[in-house]
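Working notes, structure below.
Numbering (our numbering), first residue to last: 91 to 213.
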């Protein structure tokens with residue numbers, strides 16, 4: 091009687107994974123845009139400081155270079171670039187949706203049906 095429950099739960103679980111990945115993807119794209127804007131602002135500020143400051147130029151240059159290196163380390167590596175690829179995200183989303191729909195379809199086919207009033211109840 092309860093054969094429909096496991097695929098139903100798997101389908102719901104995959105739908106939750108799909109929705110979560112979409113929310114995280116949108117959030118990360120927004121954060122990435124903000125990071126790039128902050129990095130561009132920091133680089134412009136560093137360039138302006140380097141041009142304006144003649145005294146202690148070497149120390150300032152080293153300090154600003156360290157700040158820029160820290161910002162660059164926060165940038166994406168190859169795995170991040172792969173996961174941020176729009177085709178990878180689209181195909182991954184499509185695959186997750188397909189798996190979720192297959193489980194939901196399996197649950198629907200196994201769902202107990204009401205018997206007709208003239209029919210005896212299912213065992």
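No residue lacks a Cβ here, since even glycine has one placed at the ideal position from N, Cα and C.
Reducing DSSP to helix, strand and coil, say where residue 119 ends up.
helix
Look at the Cβ atom of residue 125, then the Cβ atom of residue 179, and state whether they are nearer than 9 Å.
no
Hey, could you find the ends of the alpha helix (DSSP H) residue 177 is sitting in?
176-200
For residue 139 and residue 154, believed in contact at Cβ under 8 Å, the rounded distance:
7 Å
Relative to the alpha-carbon of residue 100, which residue among 203, 198, 130 and 173 has its alpha-carbon at the smallest distance?
198
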